[in-house]
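Peer 1: Structure in structure tokens, see below.
There are 2 protein chains.
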Amino acid sequence: MEKVTMADVAKEAGVSKSTVSQFLNKRFEYMGEKTKQKIEDAIEKLGYQPNYIARSLKQKRTSMVGIIVANIMHYLSTEISRAIEDFCQDHDLHAIVCNADDNPEKEKRYIEMLRAKQVDGLIIFPTGQNNDLYESMIKQGYPVVFVDRRVENLDAFSVLTDNVMSTYKAIQSLIAKGHQNIAFAVQPLTVSTRRDRLEGYKKALIDADLKVTDEFIIESSISEMQGKLEKLFSLKERPTALFAGNDRVFLAVVEFLKEKGLKLGKDVELIVFDNIPFAHLVETPISFIVQPASEMGRKAAELLFDQINKVEREPEEYVFPSQMV
Amino acid sequence: MEKVTMADVAKEAGVSKSTVSQFLNKRFEYMGEKTKQKIEDAIEKLGYQPNYIARSLKQKRTSMVGIIVANIMHYLSTEISRAIEDFCQDHDLHAIVCNADDNPEKEKRYIEMLRAKQVDGLIIFPTGQNNDLYESMIKQGYPVVFVDRRVENLDAFSVLTDNVMSTYKAIQSLIAKGHQNIAFAVQPLTVSTRRDRLEGYKKALIDADLKVTDEFIIESSISEMQGKLEKLFSLKERPTALFAGNDRVFLAVVEFLKEKGLKLGKDVELIVFDNIPFAHLVETPISFIVQPASEMGRKAAELLFDQINKVEREPEEYVFPSQMV
DNA sequence: CAGTTTTACTAAACCGATTTAGTAAGGAGA
DNA sequence: TCTCCTTACTAAATCGGTTTAGTAAAACTG
Numbered sequence: 039m040e041k042v043t044m045a046d047v048a049k050e051a052g053v054s055k056s057t058v059s060q061f062l063n064k065r066f067e068y069m070g071e072k073t074k075q076k077i078e079d080a081i082e083k084l085g086y087q088p089n090y091i092a093r094s095l096k097q098k099r100t101s102m103v104g105i106i107v108a109n110i111m112h113y114l115s116t117e118i119s120r121a122i123e124d125f126c127q128d129h130d131l132h133a134i135v136c137n138a139d140d141n142p143e144k145e146k147r148y149i150e151m152l153r154a155k156q157v158d159g160l161i162i163f164p165t166g167q168n169n170d171l172y173e174s175m176i177k178q179g180y181p182v183v184f185v186d187r188r189v190e191n192l193d194a195f196s197v198l199t200d201n202v203m204s205t206y207k208a209i210q211s212l213i214a215k216g217h218q219n220i221a222f223a224v225q226p227l228t229v230s231t232r233r234d235r236l237e238g239y240k241k242a243l244i245d246a247d248l249k250v251t252d253e254f255i256i257e258s259s260i261s262e263m264q265g266k267l268e269k270l271f272s273l274k275e276r277p278t279a280l281f282a283g284n285d286r287v288f289l290a291v292v293e294f295l296k297e298k299g300l301k302l303g304k305d306v307e308l309i310v311f312d313n314i315p316f317a318h319l320v321e322t323p324i325s326f327i328v329q330p331a332s333e334m335g336r337k338a339a340e341l342l343f344d345q346i347n348k349v350e351r352e353p354e355e356y357v358f359p360s361q362m363v
Numbered sequence: 039m040e041k042v043t044m045a046d047v048a049k050e051a052g053v054s055k056s057t058v059s060q061f062l063n064k065r066f067e068y069m070g071e072k073t074k075q076k077i078e079d080a081i082e083k084l085g086y087q088p089n090y091i092a093r094s095l096k097q098k099r100t101s102m103v104g105i106i107v108a109n110i111m112h113y114l115s116t117e118i119s120r121a122i123e124d125f126c127q128d129h130d131l132h133a134i135v136c137n138a139d140d141n142p143e144k145e146k147r148y149i150e151m152l153r154a155k156q157v158d159g160l161i162i163f164p165t166g167q168n169n170d171l172y173e174s175m176i177k178q179g180y181p182v183v184f185v186d187r188r189v190e191n192l193d194a195f196s197v198l199t200d201n202v203m204s205t206y207k208a209i210q211s212l213i214a215k216g217h218q219n220i221a222f223a224v225q226p227l228t229v230s231t232r233r234d235r236l237e238g239y240k241k242a243l244i245d246a247d248l249k250v251t252d253e254f255i256i257e258s259s260i261s262e263m264q265g266k267l268e269k270l271f272s273l274k275e276r277p278t279a280l281f282a283g284n285d286r287v288f289l290a291v292v293e294f295l296k297e298k299g300l301k302l303g304k305d306v307e308l309i310v311f312d313n314i315p316f317a318h319l320v321e322t323p324i325s326f327i328v329q330p331a332s333e334m335g336r337k338a339a340e341l342l343f344d345q346i347n348k349v350e351r352e353p354e355e356y357v358f359p360s361q362m363v
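Line by line, the protein sequences give chains W and H. Position in the first sequence (first residue = 1) + 38 = my numbering. Position in the second sequence (first residue = 1) + 38 = my numbering.
This is how it looks when you write it as structure tokens:
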């Protein structure tokens with residue numbers, strides 16, 4: 039049971055291991071037609087399945103790549119991961135997805151584990167707290183691509199969206215509709231995306247000669263978001279529009295509004311950064327800033343693939359535009 | 039760059055490879071305190087990272103398990119996978135998720151690929167079309183657990199829900215509310231879950247002395263669901279309640295109702311088999327039949343783990359109850 | 001027909017760990 | 001003092017492939 043090895047096939051076919059190996063690697067150039075047939079028969083007869091582990095050891099290549107997602111709860115992560123997987127499928131790679139859960143320690147452990155498993159490269163949605171580790175990988179020439187979030191002071195391949203600009207435009211559109219009191223809700227400003235979005239928000243207000251009020255900016259974890267929203271909506275000058283920093287903030291906001299009996303689109307206008315699935319379940323249409331997830335994933339995979347295959351290229355930030363929907 | 043091997047550590051520490059290996063495996067019993075220290079220092083100095091591939095080759099154990107999901111689009115799959123991953127995390131295993139996309143050919147390829155990669159076991163949401171392959175794995179004593187769907191005529195470990203009973207009760211509750219015209223929408227009856235749910239539906243109607251009308255039973259792929267629903271709702275005797283066979287059917291139904299301007303809960307009552315996320319986005323509460331995904335995933339992982347570790351146990355079907363919410 | 005090239009293979013080293021069998025040095029017991 | 005255990009290691013085989021260098025036989029060349 040389950041231990042037919044190449045040596046067995048070789049013996050059965052009456053040839054050497056080397057020839058069987060050549061056969062399996064489809065290098066038929068120097069191989070007699072009848073030998074080929076014999077090997078084929080022997081493989082069939084014994085039900086031989088090659089052992090990729092053994093191959094990997096010698097070839098120093100596992101055909102596996104790792105994806106380390108900062109937090110799998112973001113729909114964007116799933117979308118990008120799927121796009122990466124599709125690319126891998128087409129290029130004879132296999133992707134392993136890990137969830138760092140916004141925890142730098144976990145991220146570090148995953149990076150180490152995946153490298154110990156000899157994956158050929160990593161695509162990382164960085165928590166941003168492991169810069170030393172990122173740097174050492176890049177110095178070693180290990181293939182890495184960062185996605186979604188910028189890493190500071192590192193000359194690395196990155197795939198991003200123009201968070202500042204997209205937010206700027208979104209806020210601008212709210213202002214154009216006559217909104218004066220626009221609030222902004224975001225999770226803690228630990229990563230570049232959130233900071234950039236806040237920057238875009240402030241810039242849009244300033245450029246429109248509206249003043250930036252601290253009371254209108256909520257920076258809070260998801261679990262404490264409800265309380266902060268409560269406070270926001272009990273201000274004497276209530277916001278008429280709200281920008282949700284990402285999909286999870288959005289869900290918190292919807293829940294809050296539902297509880298309070300506030301109507302979306304009527305009592306308060308909402309813009310969300312990130313696409314969410316099931317958006318059509320909501321009665322009132324909402325504005326979303328949609329990032330081109332498939333293209334981003336594809337690009338990231340492509341950049342990684344080229345690094346793995348030693349295609350020379352200078353590290354660069356690839357910035358994709360987002361669209362309001 | 040990146041090729042510190044055990045031999046390097048051994049040389050640096052002035053000991054043999056074997057001793058380093060013992061050290062790494064925490065078998066300190068027969069090892070001098072100073073040797074231990076020297077090895078520790080050498081590892082630190084060289085930044086040595088062990089190569090799991092090499093270890094796996096010798097140990098014939100990769101600490102990886104494969105999950106082959108029939109269709110990742112089902113929310114249940116994601117939930118169960120997550121639970122399996124959690125279990126693996128706690129037991130020093132790593133899970134690789136593959137999506138068969140309801141395609142038996144793809145499923146087969148994935149099974150072969152994962153076995154070639156020497157994963158220690160497989161958890162499969164079976165498409166049901168590869169019984170020969172399933173059987174040969176089980177015969178070989180390869181660790182396998184089936185989830186969600188029954189495999190016919192096979193003495194294997196399976197984790198399921200009581201589809202017939204849950205559906206029966208759900209339909210019963212509709213009848214109790216006074217509904218007489220209850221329709222049933224489902225994807226093609228290729229897998230046990232769908233057949234079982236239909237059976238429960240029919241049984242409930244019969245037991246309540248209602249007649250089973252073929253016109254009220256839609257069996258269709260998602261893409262053709264809209265047309266079939268159109269036909270259903272243009273019958274002179276319209277259904278007042280509808281049972282959606284799973285989450286994807288539900289989404290199709292919601293889309294259809296929205297287009298037609300029919301109100302959920304008012305014009306037609308809906309029960310859905312499967313939980314869906316973002317359910318709270320919908321204004322009207324809907325009834326869901328929720329399967330205990332975490333428990334199911336956990337159980338499946340546990341059964342696989344025991345098989346991998348040669349814990350003797352008779353193959354059995356583990357049936358979990360579902361709840362209406 | 002000797003010399004060269006091509007064809008069709010094989011032996012053996014190698015990848016980087018684990019593991020088994022073996023051994024030298026030091027201490028205990030008689 | 002000599003034998004017998006421990007203790008603390010090491011050498012070498014092994015896992016199942018890939019790959020390189022090499023070789024015998026056949027085919028070609030002049």
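All residues carry an ideal CB built from backbone N, CA and C; glycine is no exception. In this text, all values refer to a predicted model and were calculated from it rather than measured experimentally.
Counting only beta-carbon atoms, is H/P88 nearer than 8 Å to chain W?
Peer 2: With 8 Å as the cut-off, H/P88 counts as an interface residue toward chain W.
Peer 1: Considering only residues of the same chain and omitting the five flanking positions on each side of H/S204, which have a CB-CB separation below 6 Å?
Peer 2: These residues qualify, in order along the chain: I327 and S360.
Peer 1: Would you check if there are 3 or more beta carbon pairs closer than 8 Å linking the segment 171–178 of chain H to the segment 115–130 of chain H?
Peer 2: Flag = no, the segment 171–178 of chain H and the segment 115–130 of chain H do not touch.
Peer 1: Under 8 Å, do W/S94 and H/I134 count as touching if we go by C-beta distance?
Peer 2: Contact flag unset, no.
Peer 1: Hey, could you find the ends of the beta strand (DSSP E) W/N137 is sitting in?
Peer 2: Per DSSP, W/N137 belongs to the beta strand (DSSP E) from H132 to N137.
Peer 1: Please report how far the alpha carbon of H/I209 lies from the alpha carbon of W/I122, in whole angstroms.
Peer 2: The straight-line gap from Cα to Cα measures roughly 42 Å.
Peer 1: For a contact meaning CB atoms closer than 8 Å, what does H/S94 contact in chain W?
Peer 2: Within chain W, the residues near H/S94 are I91.
Peer 1: Rounded to whole angstroms, what is the Cα-Cα separation between H/Q199 and W/K83?
Peer 2: The sequence given here places Thr at residue 199 of chain H; Gln does not occur at that position. Rounded to whole angstroms, H/T199 to W/K83 spans 40 Å at the Cα level.
Peer 1: Is the CB-CB distance between W/I220 and W/F281 below 8 Å?
Peer 2: Their beta carbons are under 8 Å apart, which means W/I220 touches W/F281 by this criterion.
Peer 1: My output table needs one value for H/L302: the three-state DSSP class, helix, strand or coil.
Peer 2: Correct three-state label for H/L302: strand.
Peer 1: What first and last residue would you give for the beta strand (DSSP E) that runs through W/F311?
Peer 2: Counting along the chain, the beta strand (DSSP E) containing W/F311 begins and ends at E307 to F311.
Peer 1: Just reading off the alpha helix (DSSP H) that H/Y206 is part of, what are its end residues?
Peer 2: Segment N201 to A214, the alpha helix (DSSP H) holding H/Y206.
Peer 1: Should H/R147 be flagged as near chain W, meaning a C-beta pair shorter than 8 Å?
Peer 2: No - not a single Cβ of chain W is within 8 Å of the one on H/R147.
Peer 1: Do the segment 227–239 of chain W and the segment 71–78 of chain H meet, that is, are 3 or more Cβ pairs less than 8 Å apart?
Peer 2: Result no; under three Cβ-Cβ pairs closer than 8 Å.
Peer 1: Is it a yes or a no for the segment 138–153 of chain H touching the segment 104–115 of chain H, going by three-plus beta-carbon pairs under 8 Å?
Peer 2: Touching, yes.
Peer 1: Look up H/G335 in the DSSP assignment and give the residues it is bridged to.
Peer 2: None; H/G335 has no bridge partner.
Peer 1: Closer than 8 Å is the cut-off here; do at least three beta carbon pairs connect the segment 251–267 of chain H with the segment 305–319 of chain H?
Peer 2: These segments do not touch.
Peer 1: DSSP on H/Y148, reduced to helix/strand/coil?
Peer 2: Helix, per DSSP.
Peer 1: What are the start and end residues of each continuous beta strand (DSSP E) run of 3 or more residues lying completely inside the segment 217–245 of chain H, in chain order?
Peer 2: Within the segment 217–245 of chain H, the complete beta strand (DSSP E) runs of at least 3 residues are 220–224.
Peer 1: One question on the structure: do H/E307 and H/A279 come within less than 8 Å of each other, judged by their Cβ atoms?
Peer 2: It is a contact, given that the beta carbons lie within the stated cut-off.
Peer 1: Do you know how far the Cα of H/V310 is from the Cα of W/V58?
Peer 2: When rounded, the distance between both Cα atoms is 54 Å.
Peer 1: With a threshold of 7 Å (Cβ to nearest heavy atom), would H/I162 be considered close to the ligand FMN?
Peer 2: With respect to small molecules bound, the structure shown includes none, and the ligand FMN cannot be examined in it.
Peer 1: So, does the CB of W/A154 fall closer than 8 Å to a CB anywhere in chain H?
Peer 2: Yes, contact with chain H.
Peer 1: Per the DSSP calculation, W/F326 is bridged to which residue(s)?
Peer 2: Answer by DSSP bridge pairing, in chain order: W/V310.
Peer 1: With burial defined as no fewer than 16 other Cβ atoms inside 10 Å of the residue's Cβ, what is the status of H/F343: buried or exposed?
Peer 2: When all chains shown are included, H/F343 counts as buried.
Peer 1: Verify the CB distance criterion: does W/L319 have a CB-CB separation below 8 Å to chain H?
Peer 2: At least one chain H Cβ lies under 8 Å of W/L319.
Peer 1: Check W/L297 in the structure and name its three-state DSSP category.
Peer 2: Correcting the residue identity first, residue 297 of chain W is Glu in this sequence and not Leu. Correct three-state label for W/E297: helix.
Peer 1: Do the CB positions of W/V182 and W/T100 come within less than 8 Å of each other?
Peer 2: Taking 8 Å as the Cβ cut-off, W/V182 and W/T100 do not qualify as a contacting pair.
Peer 1: Under 8 Å between the Cβ atoms of H/L339 and H/C136?
Peer 2: For clarity, residue 339 of chain H is Ala in the given sequence; the question names Leu instead. Against a cut-off of 8 Å, the Cβ pair of H/C136 and H/A339 comes out as no contact.
Peer 1: Apart from the five residues on each side of it in sequence, which residues of its chain come closer than 8 Å, Cβ to Cβ, to W/N89?
Peer 2: For W/N89, where only same-chain residues beyond five positions count, the Cβ hits under 8 Å are T43.
Peer 1: Given this structure, state the Cα-to-Cα distance separating H/N284 from W/I244, to the nearest angstrom.
Peer 2: Spanning the two alpha carbons is a distance of roughly 49 Å.
Peer 1: With DSSP as the reference, identify every bridge partner of W/A282, one or two as the case may be.
Peer 2: Looking at the DSSP assignment, W/A282 forms a beta bridge with W/A223 and W/V310.
Peer 1: Relative to the alpha-carbon of W/D312, which residue among W/T231, W/E293, W/E275 and W/D124 has its alpha-carbon at the smallest distance?
Peer 2: It is W/T231.
Peer 1: Could you please give the first and the last residue of the uninterrupted beta strand (DSSP E) stretch that includes H/L160?
Peer 2: G159 to I162 is the extent of the beta strand (DSSP E) around H/L160.
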